[in-house]
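> Just passing along the structure, written as structure tokens.
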Amino acid sequence: LPVLSDYCVLAEGTQAIYATHGHIYNEQKLPPLHSGDILLHGHTHVPKCVVHETEQYICMNPGSVSIPKEESWHGYMIWEGKNFVWKDFDGQEHLRYSV
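In full-length UniProt numbering, the protein residues as written are 1 to 99.
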């Protein structure tokens, strides 16, 4: 994310990926999203991928490399093409979502 910016919007085809830390915009306080957009935020240090059918958006959290919470693993998320993959430091895949 750009220094001092609260968010960054990335275009992925017809979807937007709204990347933010999560302390301002999150699932409780949504940024301006359109149907099918992705809210990508950290802050909670808990990896997840949830499709919100009612609000029509996808929420993703990469987890934490240093301080994972709620018994999650030390890990990271990779975005390659249409795939989002969550892995631990041994390379073991824990989650996968394809858009």
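Yeah, the Cβ is synthetic: ideal placement off N, Cα and C, and Gly gets one too.
Say whether the stretch 9-27 touches the stretch 39-51, bearing in mind that this needs 3 or more beta-carbon pairs closer than 8 Å, one atom from each stretch.
The stretch 9-27, when compared against the stretch 39-51, does touch it at the 8 Å Cβ threshold.
> Which class does residue 69 belong to by DSSP, given the choice of helix, strand or coil?
DSSP places residue 69 in coil when its eight states are reduced to three.
> Let me know if residue 32 comes out buried or exposed under the rule of 16 or more other beta-carbons within 10 Å of its beta-carbon.
So residue 32 ends up on the exposed side.
> With a threshold of 16 other CB atoms inside 10 Å of the CB of residue 58, please say whether the residue is buried or exposed.
Residue 58 comes out buried.
> Measuring alpha carbon to alpha carbon, tell me which of 49, 56 and 70 ends up nearest residue 97.
The candidate whose alpha carbon is nearest that of residue 97 is 49.
> Please report how far the alpha carbon of residue 67 lies from the alpha carbon of residue 74, in whole angstroms.
Using only the alpha carbons, I get a separation of about 7 Å.
> Would you tell me roughly how many angstroms separate the C-alpha atoms of residue 53 and residue 4, rounded to the nearest one?
Using only the alpha carbons, I get a separation of about 32 Å.
> Nearest-angstrom Cα distance between residue 78 and residue 63?
Using only the alpha carbons, I get a separation of about 11 Å.
> Which residue marks the beginning of the beta strand (DSSP E) containing residue 61, and which one marks its end?
That run of the beta strand (DSSP E) goes 57-61.
> Can you tell me whether residue 6 is buried or exposed? The criterion is at least 16 other CB atoms within 10 Å of its CB, across all chains shown.
Classification of residue 6: exposed, given that the 10 Å Cβ count is below 16.
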